[in-house]
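Okay, so here's the structure we're looking at.
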Amino acid sequence: MLDRCLKTIGTSRLPGFHKLSMKERLLKLKEIAQLSEEDIQLLSREGPLPLEIADKMIENVVGTFALPFAIATNFLINDKDYLIPMVIEEPSVVAAASNAARMTREGGGIRAQATDSIMISQIQLVKVPSPYTAKYVILERKQEIMDLANSTNPILTKVGGGVRDVEVNVLDSPVGPMVITNLVVDVKDAMGANTVNTMAEAVAPLIEKWTGGKVYLRIISNLADRRLVRAWTRVPKDVLGGEEVVDGIVYAWAFAAADPYRAATHNKGIMNGVIAVALATGQDTRALEAGAHAYASRSGKYSPLSVWEKDGNGDLVGYLEMPMAVGVIGGAVKVNPMAQLSLKILGVKTAKELAEVMGAVGLAQNLAALRALATEGIQRGHMKLHARQLAITAGAAGKEVDVVVEEMIKRGAIRLDVAKEILENIRKNPSSS
Ligand code: MEV
10 MLDRCLKTIG TSRLPGFHKL SMKERLLKLK EIAQLSEEDI QLLSREGPLP
60 LEIADKMIEN VVGTFALPFA IATNFLINDK DYLIPMVIEE PSVVAAASNA
110 ARMTREGGGI RAQATDSIMI SQIQLVKVPS PYTAKYVILE RKQEIMDLAN
160 STNPILTKVG GGVRDVEVNV LDSPVGPMVI TNLVVDVKDA MGANTVNTMA
210 EAVAPLIEKW TGGKVYLRII SNLADRRLVR AWTRVPKDVL GGEEVVDGIV
260 YAWAFAAADP YRAATHNKGI MNGVIAVALA TGQDTRALEA GAHAYASRSG
310 KYSPLSVWEK DGNGDLVGYL EMPMAVGVIG GAVKVNPMAQ LSLKILGVKT
360 AKELAEVMGA VGLAQNLAAL RALATEGIQR GHMKLHARQL AITAGAAGKE
410 VDVVVEEMIK RGAIRLDVAK EILENIRKNP SSS
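Take the sequence shown: its position 258, counted from the start at 1, is 267 in my numbering, and no numbers get skipped.
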């Protein structure tokens, strides 16, 4: 099988591929992957992220990749109205977020607060003859460590950020004791990975020198549990459809609290909103996912990131707490014009405000999913949008799309072959539509 693949694609061993210009890379790819002229045109097409910029963002670039960019409406967060840019391939998510946001408005909107932008960078020290002597020595020189780390980023210290603390833990690992130094850093408006990694690399030689041990890893921790966002909302029961719906939502949450199989899906619903905004604003989505799920497991049992309860009045109250390591300066945010545009649409200027918006969107997205699940189920709305996609894929255009969608729903058969058949029929017999 592997042999067969290699015969059709030639070899994947392409020394110097990264040194080629994008045009040369495309020619090479065309030849090896046997692409057509249309394929190459698709790859060469200019989009909102200019090819020239894309080529500088990562390695071996041969094009850009597009996803729908949409605006969720109705969001009132901390008494301020926001238009929310979202990038996502999944139908219903944007509609659901807007719908839930409309409901939260009735109770005064969503409140959200983010903590300071505290990230942790870890330095792993092994082969230390006396781990607790090492711990003592490192902590004794805390100020020296902080000064050196801060000297790697004078701009950060100028704006009031920098190392806040140095913590040392002796860990019992499968290969013996390790001494882990955590640099606790306020990275202000950056996501902070580059900042804290640079600091850890700068400090590591000192730690080796003082302790006689050997440093291996010097890297950020994505469990950003000191960079949290908390979002809260109260939704009047009547807006939701009555007290029974409130009860259904609370039962849905309790299911997630009791069962990690459900909690994973519950949190996936939250991440639908969080990651869609993260993509639109050029964030590191993998860091956000890693942080969220590690935080959800902090008790030793994977749990929901939100809580839903009924208050004394029978109204629904929702609370979400999760890490939110996002930045508004540096990295992909700065170079990607779409990310800049998203920040402009949002009107946010600081990482904290962006984190608050994203927490609020996560909470609204969660509310939308639980309300749908606790009432009519999510498939009805979902299938309509899915049917639209199928109709378009089948080749329907203009008014044909609605006709094909309605007919598929009427038949209870939402499939591509059915969409094609209906389209063929209405084209053969236009008066029947
Ligand atoms: C689908 O993308 C997300 C949901 O499954 C979330 C949930 O079940 O809470 C609807």
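Even for Gly, the Cβ is constructed at its ideal location relative to N, Cα and C.
Residue i: which of the options sits nearest, CA to CA?
i, options, result
"Glu40", "Leu23, His27, Arg239", "Leu23"
"Leu60", "Asn83, Pro77, Leu35", "Leu35"
"Gly339", "Arg114, Ala261, Met66", "Met66"
"Pro186", "Gln133, Gln152, Leu226", "Gln133"
"Glu409", "Arg420, Lys144, Ala396", "Ala396"
"Arg227", "Val212, Lys37, Val175, Val248", "Val212"
"Tyr260", "Ala383, Ala63, Arg243, Ala199", "Ala383"
"Lys167", "Asp195, Thr242, Pro140, Val146", "Asp195"
"Ser182", "Ala143, Val135, Asn162", "Val135"
"Ile284", "Ile62, Ile423, Val102, Leu44", "Val102"
"Thr242", "Lys218, Ala373, Val184", "Ala373"
"Glu217", "Asn281, Val286, Gln398, Ile147", "Ile147"
"Asp268", "Ala287, Ala305, Tyr141, Arg424", "Ala305"
"Lys319", "Asp247, Ser312, Glu430", "Asp247"
"Asn206", "Val184, Gly222, Ser230, Ile189", "Ser230"
"Val286", "Val255, Leu76, Met208", "Leu76"
"Asn434", "Val412, Arg424, Ile418, Lys419", "Val412"
"Ala240", "Ala42, Thr20, Arg295, Pro332", "Pro332"
"Arg477", "Gly309, Ala334, Ala209, Ser351", "Summary: the structure shown does not reach residue 477, with the chain confined to residues 10 through 442, and so no result is reported for it."
"Lys89", "Ala110, Val70, Met95, Asn69", "Ala110"
"Lys419", "Arg389, Gly309, His27", "Arg389"
"Asn375", "Ser107, Asp48, Lys343, Asn178", "Ser107"
"Gly321", "Asp256, Tyr311, Asp48", "Asp256"
"Ala266", "Val254, Lys310, Glu416", "Lys310"
"Ala42", "Ala263, Val71, Leu29, Ala63", "Val71"
"Ser139", "Ser126, Gly222, Glu115, Val184", "Gly222"
"Leu232", "Leu52, Lys37, Ile127", "Ile127"
"Asn178", "Val184, Tyr145, Pro163", "Tyr145"
"Gly282", "Glu115, Gln349, Phe84", "Phe84"
Cβ atoms of residue j and residue i: under 8 Å apart, would you say?
i, j, result
"Ile279", "Leu325", "no"
"Leu355", "Glu330", "no"
"Gly386", "Leu432", "no"
"Leu165", "Thr113", "no"
"Gly368", "Ala79", "no"
"His391", "Pro100", "yes"
"Thr73", "Arg236", "no"
"Met200", "Gly300", "no"
"Ile129", "Leu192", "yes"
"Asp86", "Ile119", "Going by the sequence as given, residue 86 is Ile instead of Asp. Against a cut-off of 8 Å, the Cβ pair of Ile119 and Ile86 comes out as a contact."
"Ala381", "Asp293", "no"
"Arg271", "Trp219", "no"
"Val244", "Val188", "no"
"Val414", "Lys393", "yes"
"Asn345", "Leu44", "no"
"Trp317", "Leu379", "yes"
"Leu399", "Ala422", "no"
"Val175", "Thr161", "no"
"Ala209", "Gln152", "no"
"His27", "Glu68", "yes"
"Met95", "Asp64", "no"
Roughly how far, in whole angstroms, is the beta-carbon of residue i from the beta-carbon of residue j, given that I think they are within contact range, below 8 Å?
i, j, result
"Val370", "Val357", "Incorrect: roughly 12 Å between the Cβ atoms, too far for contact."
"Leu363", "Thr290", "7 Å"
"Ile97", "Ala81", "10 Å between Cβ atoms; not a contact."
"Ile252", "Gly323", "First, the amino acid is wrong: residue 252 is Glu here, not Ile. Their Cβ separation, rounded to whole angstroms, is 5 Å, which keeps Glu252 and Gly323 in contact under 8 Å."
"Asp234", "Arg307", "7 Å"
"Asp9", "Ala360", "The displayed coordinates of the chain run from 10 to 442. Any statement about residue 9 would go beyond what the structure contains."
"Ala377", "Ala105", "4 Å"
"Asn159", "Gly171", "4 Å"
Cβ of residue i within 7 Å of any heavy atom in the ligand HEM?
i, result
"Ala378", "The ligand content of the structure shown is limited to the ligand MEV, which means the ligand HEM is not among them."
Any beta-carbon of chain C closer than 8 Å to the one on residue i?
i, result
"Ala263", "Checking the listed chains, one finds no chain C in this structure; it contains a single protein chain."
**OP:** Run through the region 388-414 for me and flag every whole alpha helix (DSSP H) of 4 or more residues, listed as ranges in chain order.
**Re:** 388-402
**OP:** Taking only runs that begin and end inside the region 71-126, name each unbroken beta strand (DSSP E) of 3 or more residues, in chain order.
**Re:** Counting whole runs of 3 or more residues, the region 71-126 contains the beta strand (DSSP E) stretches 78-86, 89-96, 119-123.
Original post:
What residue ranges within the region 248-334 form continuous alpha helix (DSSP H) runs of no fewer than 4 residues, ordered along the chain?
Top reply: 252-267, 269-289, 294-305
**OP:** Note down, one range per segment and in chain order, each alpha helix (DSSP H) of at least 4 residues found wholly within the region 202-226.
**Re:** 202-220
**OP:** Mind listing, in chain order, the continuous alpha helix (DSSP H) runs of no fewer than 4 residues lying wholly within the region 343-367?
**Re:** 346-355
**OP:** Kindly provide the ranges of any alpha helix (DSSP H) runs that are 4 or more residues long and lie completely inside the region 140-183, ordered along the chain.
**Re:** 140-149, 151-160, 163-167
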